[in-house]
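Heads up, the thing below is written out as structure tokens.
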Amino acid sequence: MTRRGLSAAALLAPATLLVVATLVAPLVLLFRYSLNRFVPGEFMVEAVTAANYIKFFTDPYYLAVLGTTLWVSLLVTVICLVAGFPAALFLARTRTRFKSLLILAVVLPLFVGNAVRAAGWMVAFGQKGVINAILGGLGLITTPIEIMYTTTAVIIGIVAVNLPFVVLTLQSVLEGIDPAPEEAALSLGARPFATWWLVTLPQAVPGVLAAGVLCFILAMNAYATPVLLGGPSFQMMAPVVANEILQQSNWPFGGALSFVLMAVTLTLTAAANLIVARRYRV
Amino acid sequence: MSTVTLEAVSKHYGDAVAVARVDLDVAQGELVVLLGPSGCGKTTTLRMIAGFIEATSGTIRIGARDVTNDPPYRRNVGLVFQNYALFPHLTVFENVAFGLRRRKVAEADIARRVASALEMVQLGALAQRLPRQMSGGQQQRVALARALVIEPDVLLLDEPLSNLDAKLRQDVRVEIRRLQQSLGLTTIMVTHDQEEAMTMGDRLVVMSGGLVQQTGSPRALYQRPANRFVAGFVGRSNFLDGRATGSGFVTKSGWQLRADHDLGAAGTLMLRPEAIQVGTGGPNEASGTVEDVTYLGAATELSVRLDGGDFLFVHETVDAGRSRGDRIALTVPPAALVGLSD
Ligand SMILES: Nc1ncnc2c1ncn2[C@@H]1O[C@H](COP(=O)(O)OP(=O)(O)OP(=O)(O)O)[C@@H](O)[C@H]1O
Ligand SMILES: [Mg+2]
């Protein structure tokens with residue numbers, strides 16, 4: 001018994017050390033910073049004050065940034081789940097020989113970094129960009145439509161980044177769901193949509209939750225896409241954090257922003273888990 | 283309730299033929315069993331009737347209705363799967379109610395019909411359980427209730443017993459047969475277990491390589507198999523190569539047997555092990571040596587090498603305590619000879 005306990009500890013030790021060194025320690029440090037005072041010119045003054053948090057929650061500008069981050073992330077998550085589910089279901093159920101190629105096609109975009117991809121979208125979205133050129137060429141529009149530096153551009157960009165993660169997560173869960181109950185439903189008179197809604201989806205809830213949480217966290221923390229596609233006037237949390245720390249050298253406030261972002265993300269994730277667990281008894 | 287008709291139904295996967303021109307008439311209230319070895323096309327045939335696989339050619343009718351191109355949800359068939367296929371997230375009650383809800387049956391009627399369907403399979407007390415809280419046998423009975431409650435035109439069963447242990451298999455088998463007969467349900471069942479097929483089916487369809495080898499009652503198949511495949515698949519048999527003579531059969535090793543009926547142009551003689559008698563006293567006598575003895579319970583199987591060189595399995599119902607090397611005399615009644623052309 002003690003032997004087994006010891007060997008388990010030995011096996012867990014490297015991972016535990018790694019997590020402590022790379023995740024817990026910086027977080028503790030950052031949290032400590034967030035309680036310090038920022039004096040311009042003096043960098044950071046040792047203190048224990050809630051001033052940085054109070055600043056965040058009393059300044060409508062920062063609340064609006066959090067609000068934008070939240071609704072963009074929620075919208076991106078919904079779009080990714082709705083668009084990703086059919087693709088994941090197809091991948092999970094297909095009997096084609098080219099299945100591994102199809103999965104590779106889903107993974108492929110991940111080989112290209114976020115910033116590079118966002119740069120690509122800039123080419124597509126611009127006033128003289130590909131999309132406007134095509135729409136104009138087809139005679140559908142006369143004046144170029146404004147996509148670049150809009151919320152739409154940011155949402156499209158983050159959806160494109162997150163979709164592969166969502167599809168792969170859903171696919172791996174759907175893979176484990178027996179298709180026979182769906183056939184039973186069809187034979188009992190359920191049409192395909194009713195079968196999906198009443199039989200497939202309820203069984204896929206844990207997968208939808210996992211994919212949704214993953215997508216939401218990625219969106220809440222998106223950096224390159226909002227910076228490149230949203231332009232200077234569009235603000236989400238991660239770029240604002242980076243700005244405080246890199247441009248303003250305001251570590252205390254940057255730390256506070258980070259913790260607000262993390263706390264909000266964690267709270268919503270936990271809430272989603274609880275609601276779904278209660279509703280579907282998973 | 284209805285009849286089922288297949289007319290030259292085929293299923294091809296590219297060049298591979300899974301089912302080749304199957305013709306079948308299932309009468310109202312009849313239980314037909316599709317029987318055959320793995321990969322012979324039983325499941326494919328059943329799934330074409332259910333509507334999950336599109337037939338490459340041919341026509342499928344349920345009653346007078348041509349359902350060849352209908353999707354499964356318009357065919358009104360009850361389906362029971364090998365692995366039960368219950369809805370894991372729904373209670374037993376909701377599983378059974380599923381088909382009725384799709385048919386927009388009134389809530390009060392649903393409660394009544396589900397309750398009576400569960401009574402029918404003796405599971406009335408477990409209505410609020412989830413499938414994972416039940417044994418395999420109970421789950422299969424729920425699946426049966428779920429398929430029956432919608433009053434299907436046809437009941438289709440794909441190896442419904444193969445996940446159950448031997449004792450339970452016997453119980454559920456009796457239960458399926460009892461319900462099927464009392465409700466007068468037109469039923470098609472798939473199995474590769476010949477004993478199951480013989481005991482349950484009004485009629486058996488023996489398939490091999492996508493082709494129907496023979497269709498007939500269990501008795502007809504057992505006593506007059508159309509070919510060596512059917513004879514070998516349905517029950518235990520001895521095959522002796524040789525040729526038919528005017529009055530009987532002569533084996534390659536020269537054993538002459540007399541028959542009381544015409545064996546046609548048979549090239550193979552089939553003898554059922556239990557039709558061969560131990561002892562002397564008939565026209566077709568032979569003597570030999572016991573090479574092996576296997577105790578089967580109800581009978582003892584003797585492997586006998588005849589002095590002429592032929593080899594026979596013989597089932598002796600009295601336990602005579604024979605052992606290897608014993609000398610033995612056998613008699614084949616003239617009525618027991620079955621001639622096969624291939
Ligand atoms: N999707 C498919 N693509 C290609 N060939 C298939 C496909 N489905 C089935 N087959 C082939 O069709 C033949 C019949 O299959 P089927 O499932 O009907 O066999 P079965 O009689 O039910 O066998 P078992 O007793 O093993 O269930 C098999 O040779 C199988 O390999
Ligand atoms: Mg099968």
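Those protein sequences? They're chains P and F, same order as listed.
Positions 1 to 282 (the working numbering) are the ones given, in order, by the first sequence.
Positions 283 to 624 (the working numbering) are the ones given, in order, by the second sequence.
C-beta: ideal position from N, C-alpha, C; glycine also.
Distance from the C-beta of Lys-324 (chain F) to the nearest heavy atom of ligand 1 is below 7 Å. In this structure, the C-beta of Asp-440 (chain F) approaches ligand 2 to less than 7 Å from one of its heavy atoms. Taking 8 Å as the upper bound for CB-CB distance, Ala-526 (chain F) and Ala-548 (chain F) are in contact here, some 4 Å apart. When C-alpha distances from Gln-420 (chain F) are compared across F:Val-454, F:Arg-510, F:Asp-601, F:Thr-473, the shortest belongs to F:Val-454. Those residues of the stretch 373-385 of chain F placed with their C-beta closer than 8 Å to a C-beta in chain P are Phe-380, Gly-381, Arg-384, Arg-385, ordered along the chain.
Arg-191 (chain P) belongs to the set of residues whose beta carbon lies under 8 Å from a beta carbon in chain F. The beta carbon of Val-304 (chain F) sits no closer than 7 Å to any heavy atom of ligand 2. With a cut-off of 7 Å, the C-beta of His-371 (chain F) is classified as distant from ligand 1, since no heavy atom of the ligand falls inside that distance. Against chain F, a Cβ distance below 9 Å from Val-264 (chain P) picks out nothing, because the smallest value is about 31 Å.
Taking all protein chains in view, the Cβ of Phe-43 (chain P) is surrounded by fewer than 16 other Cβ atoms within 10 Å, so the residue is classified as exposed. Interface criterion not met: the Cβ of Leu-209 (chain P) is under 8 Å from no Cβ in chain F. Sorting F:Met-471, F:Ile-342, F:Met-489, F:Ala-513 by C-alpha distance to the C-alpha of Val-620 (chain F) places F:Ala-513 at the top. Less than 8 Å separates the beta-carbon of Phe-234 (chain P) from that of Val-154 (chain P). Just so you know, the alpha carbons of Asp-435 (chain F) and Thr-285 (chain F) end up roughly 8 Å apart. For Ala-568 (chain F), the enclosing beta strand (DSSP E) stretches over residues 566-577. For Ala-617 (chain F), the CB contacts under 7 Å within the same chain, skipping 5 residues up- and downstream, are Asp-542 in chain order.
Between ligand 2 and Val-173 (chain P), a heavy atom-to-CB distance of less than 7 Å is absent.
For Asp-440 (chain F), the enclosing beta strand (DSSP E) starts and ends at 436-440. Comparing alpha-carbon positions, the option among P:Leu-266, P:Asp-178, P:Pro-202 lying closest to Met-220 (chain P) turns out to be P:Leu-266. At a cut-off of 8 Å between beta carbons, Ala-332 (chain F) contacts chain P.
A Cβ-Cβ distance of about 7 Å is found for the pair Asp-484 (chain F) and Val-314 (chain F), placing them in contact under the 8 Å criterion. The C-alpha of Lys-128 (chain P) is placed about 11 Å away from the C-alpha of Thr-143 (chain P). If you check the CB distance, Asn-36 (chain P) and Ala-21 (chain P) do not come in under 8 Å. Gly-255 (chain P): member of the alpha helix (DSSP H) spanning 251-280, first to last residue.
Straight-line spacing of the CA atoms in Leu-174 (chain P) and Ala-211 (chain P) works out to 12 Å. According to DSSP, residue pairing for Thr-533 (chain F) in a beta bridge involves F:Gly-524.
Here the distance from the Cβ of Arg-97 (chain P) to the nearest heavy atom of ligand 1 is not below 7 Å. Taking non-hydrogen atoms of ligand 2 into account, the C-beta of Val-472 (chain F) is found less than 7 Å away from one of them. For Ser-320 (chain F), the shortest separation between its Cβ and any heavy atom of ligand 1 lies below 7 Å.
For His-294 (chain F), same chain residues with a beta-carbon under 6 Å away, outside a window of 5 residues either side, are Thr-338 in chain order.
The contact set of Val-424 (chain F) on chain P, defined by CB atoms closer than 9 Å, is empty, because the minimum CB distance reaches about 11 Å.
Here DSSP, grouped into helix, strand and coil, assigns Ser-519 (chain F) to coil. Per DSSP, Ile-458 (chain F) is one residue of the alpha helix (DSSP H) stretching across 448-465. By alpha-carbon distance to Leu-551 (chain F), the top candidate from F:Thr-562, F:Ser-535, F:Gly-564, F:Leu-361 is F:Ser-535. Only residues of its own chain outside the window of five on either side were considered, and among them Phe-31, Ser-34 have a CB closer than 7 Å to the CB of Phe-259 (chain P), listed in chain order. Runs of the alpha helix (DSSP H) lying entirely within the stretch 146-192 of chain P and spanning at least 4 residues, in chain order: 151-175, 180-187.
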